[in-house]
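> After the structure tokens below, expect a handful of questions from me.
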Amino acid sequence: MLAVDGVSKRFGGLMAVDSATLSLHPGGIVGLIGPNGAGKTTLFSMISGFVAPTDGRIRFEGTDITAEEPHRRAERGIGRTFQIVQPFAGLTVCENIAVGAYLRHAKRADATAKARDVARRVGLGAELDRPAGRLTVAGRKRLELARALATEPKLLLLDEVLAGLNPSEIRDIIPVIRGIRDEGVTILMIEHVMQAVMNLCERVYVLAQGRMIAEGPPAVVCADTRVIEAYLGHGAADRLKAEGAAHG
Amino acid sequence: MTARDLIPIAVLTLLAALLPLVVTSSPVLNFLVFMLIVALGAQGWNILGGFGGQFSFGHAAFFGTGAYVTAILQLRYGVNAWAGLVLAVAAGAAVGWVIGFLSFRSGLRGSYFALVTLAFAEVFRILANAASFTGGAAGLLIKLDVHPANLQFADRAVFYWLVLALVAAVLLLTRWIQRSRFGAQLVAVRENEDAAKALGVNSLTVKLRAIALSGGVTALSGCLYAQYFLYIDANIAYGSWISVELLLAPIIGGVGTVFGPVVGALTLHGLGEVAKQFAGRIPGIDLIVFGGVLVLAVAFARGGILGLLERLRDRGRGMVTRGPKEVSHAGR
Amino acid sequence: MYSPQIILEAALNGLMTGAVYALIALGLTLIYGVLHIINFAHGALLTCAMFAVWIAWAWLGMDPYLAILPLVPLMFVLGYGLQRFVIGPASHGDDGNILLVTLGLSIVLENLLLAVFQSDTRTLDTDYSFQVVALGPLLLSYPRLIGLGVAVVVTGLLWLVLNRTDTGKAIRAVAKEKLGANLVGIDVPHVYAVTFGLGCACLAVAAGLLMPTFYVNPRIGGAFVLVAFTVVVLGGMGSLPGALLGGLFIGVVESLCGLFLGDSLGQIGIFLIFIAVLLVRPTGLFGAKA
Ligand SMILES: Nc1ncnc2c1ncn2[C@@H]1O[C@H](COP(=O)(O)OP(=O)(O)OP(=O)(O)O)[C@@H](O)[C@H]1O
Ligand SMILES: [Mg+2]
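Residue numbers (UniProt numbering), protein chains in the order written: chain A, 1 to 248; chain B, 1 to 332; chain C, 1 to 290.
Have a look at this one:
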């Protein structure tokens, strides 16, 4: 359903993404991992239309969307969350989610109903009337997820929705993500929490210094020497191990 | 929209409509009409600035366009005043759309958008002041011909009711915006444009609709101004005074709220009159008050008067309902 | 049509007016570059300075050029105080708020002047107001020539202050990285206020240079403030050399537009440039800084 074909992005002298290729079939959860600064978020931004690639093509369900505006891609069914959460701080949780719901429901009553429904699913049912600006970190992450979900996407891009959460919060949200997959939404997720990646993803892509260096089932990829080197090079292997110990 | 949305608007409008039955002095009626015209223009500003978060410093561009279009159509082309009013609104919306298209498409926002609107208004002012078509520096005088068909009434109260009805109509329009998908998307763009885009909001279209609506409403107020005072020139119609008035009222009253612009216009001009009473003939005293109130409002009352009232109400209620709720949150 | 001599003279005259624009814009761009705010009260503060020069002349018999000397520290203190005690605290660090607070200030200042001095236009005359200097076949206004020289010198001085003094280094550090500067112990509100003060001090110089050939009334600042914004945007927000070049350029454009289009339409060229630059290249024509 999604075909990213040799896509590159150059910021001045920095090649943030260097002819990355990736393809997704409908259904399932695919991971995108890689050390800090590998270009993962930039790749997401190119898929969702916020950053224009310097090179390469992106196709969604057979259509070339490389030059399309972000809102058009959302209409097509590409939803995304932001790594740095972007709540509508002055609005309530319900109003935040309703903005997403309005994409497919023109009526206020329908959009609000949809928003409440989604809020309950991600565990924000009790916070509906709270200003989004007053949510906790975990709450904001859930809100990101809820808003994207309210657009009823076919493909959901999750950018580190677990970062900054404590183990019990992570344990709460993993079934939610799995539930979304079970409804037939295809998920591509960037994640540093390896336990979650192992747990959720059928397949992972590894990006390092802008290049796609490996692809396959998580267990296989993690044993790949190139991947270990990529992380070790950035001193991230220790962190992985530590996280593995903490959550495992 | 539900009955709860409509009733406050209906009640307040009816109450205001009774005023001319009590007050008959023409200076007071003049003052009330002028204030309502400002309130109407400010409601226009509020659609773009309040709900859309795009602060315009040049709404005179729309006010003046409304005033000039109606005056020129009547004077040069013999168009009926009511038709002139409709065309003035259309012209204001069109000018809004064009300015919006140019600025939003080049990604202008914040201070840059404020400056570019200011410059547009200034260009219009200079052109209107120089061209003979617009009467140049001498301005335009609409022929006095009192007849309802000419939008001129023997009784000031009738004009007051007309402006009041239009203010009420825009209150309804604003309430509708607040309750609609368009409004939700507009507010989303104000709060965070990128997040809105990711949720499928076409931010350019939404902002263009807002500025066209905003321009139309403000042009309506300019048209009424011309029709009431029957004289305009470039410094009145396109002058920076009106840009400032139209942005002050919503900010003082409560930016991005339905009643904010009306409350703000009322407060400002009320205060201005009081200052004039006290200070007598000192020129500019009302404006000194306006400027001071603006600084104070930004410093201490960011939601304007309505925001302040809401906070007071919440504090009053907080004693009863908020308390336990907060505790339960803390307990989790 | 016009002889080359008239055109050349108009261009040179514009260049000299432009020097004063540059001085006004210098203060504005400095404030923008460091505080990242648009100071809407800049025009009203200029009007204050111009009235101060007029008062010094009318009441104390002081030469307008000489009046610059005491006025520079006075305006600095005024600017420092305004930023430190009014604009900074009132705006809670929000961009839109700063715009509104400075707008409010400008309304207050302008109308205070109106209340005190009424709307009359005032001029002052010195024995050099109408002196000319002959440059070959061209006759150039002597006070304006002085204005050009002083503007260039002040730009240079400001550059030296920013690049060679400790205060200047602190200002540049804050401009680049506010949080970082705060961390290494720079008193950011103080630096902001100093910058604002310096911007206002530039206005003192501009006022002294303007008054021998110009007039003052309470609304005069408005005429300059948009021109100054244009210069700043043209030169690149925050760029000192940009402001100087932009000011000179705008002066010439205005003078030539006035020559060809007449006085009433003369200023339109400036605003059209302003709009065009904002729409096409908001980072400025000469400026490198975004
Ligand atoms: N707008 C931009 N301009 C310039 N450089 C950028 C921009 N956005 C990202 N970069 C750079 O591109 C590189 C890739 O960044 P990106 O955010 O995609 O990495 P990432 O893999 O998501 O990292 P992390 O795991 O820390 O989120 C980084 O070096 C970053 O500094
Ligand atoms: Mg990232």
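Just so it is clear, CB atoms sit at the ideal spot from N, CA and C, and this is done for glycine as well.
(1) Taking 7 Å as the cut-off, is the beta-carbon of K40(A) closer than that to any non-hydrogen atom of ligand 2?
(2) Compare the beta carbon distance of L224(B) and V163(B) with 8 Å and say whether it is the shorter of the two.
(3) Does ligand 3 have even one heavy atom less than 7 Å from the beta-carbon of F11(A)?
(4) Nearest to R181(B) by CA position, among G200(B), V170(B) and A169(B), is which residue?
(5) When you compare the region 216-230 of chain A with the region 44-61 of chain A, are there three or more beta-carbon pairs, one atom per stretch, that lie closer than 8 Å?
(6) Looking at the C-beta of Q185(B), does it have a partner C-beta in chain A at a distance below 8 Å?
(7) On a CA-only basis, which of A22(C), D120(C) and G81(C) is nearest G235(C)? Give me that one, please.
(8) Under DSSP, the beta strand (DSSP E) around M211(C) begins and ends at which residues?
(9) Under 8 Å Cβ-Cβ, which residues of chain A neighbour residue 399(B)?
(10) For L46(C), verify whether its CB is less than 7 Å away from any heavy atom of ligand 1.
(11) Q83(A): beta carbon under 7 Å from a heavy atom of ligand 1?
(12) Looking only at C-alpha atoms, which of R57(A), E152(A), I180(A) and G31(A) sits nearest to R76(A)?
(13) Output the distance between the C-alpha atoms of R332(B) and C94(A), rounded to the nearest integer angstrom.
(14) Give the straight-line distance between the Cα atoms of A119(A) and P175(A), rounded to the nearest whole angstrom.
(15) Quick one, which of V253(C), Y65(C), P89(C) and V161(C) has its alpha-carbon nearest I146(C)'s?
(16) Go through the region 176-229 of chain A residue by residue and report every complete run of the beta strand (DSSP E) that reaches 3 residues or more, in order.
(17) Please decide whether G84(B) counts as near chain A, where near means a Cβ-Cβ distance under 8 Å.
(18) In angstroms with no decimal places, state the Cα-to-Cα distance between A297(B) and E273(B).
(19) So, helix, strand or coil for V30(A), using DSSP?
(20) With 16 other CB atoms within 10 Å as the buried threshold, where does F259(B) fall?
(21) Any idea what DSSP makes of Y2(C), helix, strand or coil?
(22) By the three-class DSSP mapping on this structure, what secondary structure does L204(B) have?
(23) Three-state secondary structure (DSSP) at Y160(B)?
(24) How long is the line joining the alpha carbons of D5(B) and F51(B), rounded to whole angstroms?
(25) Which residues in the same chain have their Cβ closer than 6 Å to the Cβ of I211(B), if we skip the five residues on either side of it in sequence?
(26) Buried or exposed: Y192(C), going by 16 or more other Cβ atoms within 10 Å of its Cβ?
(27) Between which residues of its own chain and A71(B) is the CB-CB distance below 7 Å, once the five residues before and five after are set aside?
(28) Quick one: what does DSSP say V85(A) is sitting in, helix, strand or coil?
(29) Decide if the region 92-102 of chain C is in contact with the region 272-290 of chain B; the criterion is three or more beta carbon pairs, one per stretch, under 8 Å apart.
(30) Interface residues of chain B around I268(C) at Cβ under 9 Å?
(31) Identify whether L140(B) lies in helix, strand or coil by the three-state DSSP scheme.
(32) Using a Cβ-Cβ cut-off of less than 9 Å, list which residues of the region 13-37 of chain B approach chain F; keep chain order.
(33) With a threshold of 7 Å, establish whether the CB of D194(B) neighbours any heavy atom of ligand 2.
(34) Does Y112(B) get closer than 8 Å to chain C when you measure Cβ to Cβ?
(35) Compute the minimum distance between the beta carbon of G164(A) and the heavy atoms of ligand 1, and state whether it is under 7 Å.
(36) Does V185(A) have its Cβ less than 8 Å from a Cβ in chain B?
Straight from the coordinates:
(1) K40(A) Cβ: within cutoff of ligand 2.
(2) Yes. Within cutoff.
(3) Here the bound small molecules are ligand 1 and ligand 2; ligand 3 is not part of this structure.
(4) Shortest Cα-Cα distance from R181(B) to any of G200(B), V170(B) and A169(B) involves G200(B).
(5) With a cut-off of 8 Å, the region 44-61 of chain A and the region 216-230 of chain A do not count as touching, because too few Cβ pairs lie within range.
(6) So, interface residue.
(7) Just measuring C-alpha positions, the residue of A22(C), D120(C) and G81(C) sitting nearest G235(C) is A22(C).
(8) Careful: M211(C) lies outside any beta strand (DSSP E) and carries neither H nor E.
(9) No answer is possible for residue 399(B): it lies beyond the span of chain B, which begins at 1 and ends at 332.
(10) No, the Cβ of L46(C) stays beyond 7 Å of every heavy atom of ligand 1.
(11) For ligand 1, at least one heavy atom lies less than 7 Å from the Cβ of Q83(A).
(12) It is E152(A) whose Cα lies nearest to the Cα of R76(A).
(13) In this prediction, R332(B) has a pLDDT of 29, which is less than 50 and means its spatial position is unreliable; what the coordinates show is noted afterwards. Taking the straight line joining both Cα atoms gives about 21 Å.
(14) Those two C-alpha atoms are separated by around 15 Å.
(15) Selection V253(C), Y65(C), P89(C) and V161(C) evaluated against I146(C) yields Y65(C) as nearest (Cα-Cα).
(16) List check, beta strand (DSSP E) in window: 186-190, 203-208 and 211-216.
(17) Taking CB atoms only, G84(B) has no neighbour in chain A less than 8 Å away.
(18) Taking the straight line from one Cα to the other gives about 19 Å.
(19) Of the three classes helix, strand and coil, the one that applies to V30(A) here is strand, per DSSP.
(20) Looking at its Cβ environment, which holds 16 or more other Cβ atoms inside 10 Å, F259(B) is buried.
(21) Coil at Y2(C), not helix or strand.
(22) Three-state DSSP puts L204(B) in a helix.
(23) DSSP places Y160(B) in helix when its eight states are reduced to three.
(24) If I take the Cα positions, the gap works out to 17 Å.
(25) L48, G96 and G100.
(26) Burial call: buried.
(27) Cβ-Cβ distances below 7 Å link A71(B) to L140, I142, A226 and I232 in the same chain, with the five nearest sequence neighbours on each side left out; the list follows chain order.
(28) Coil, per DSSP.
(29) Too few Cβ pairs lie closer than 8 Å, so no.
(30) Near I268(C) (Cβ distances below 9 Å), the residues of chain B are E122, V123, I126, L127 and A130.
(31) In the structure shown, L140(B) sits in a strand (DSSP, three-state: E or B).
(32) Absent here is chain F; the protein component of the structure consists of chains A, B and C.
(33) D194(B) Cβ: outside cutoff for every heavy atom of ligand 2.
(34) Y112(B) has a beta carbon lying within less than 8 Å of a beta carbon in chain C.
(35) No, ligand 1 has no heavy atom inside 7 Å of this Cβ.
(36) By this cut-off, V185(A) is not an interface position.
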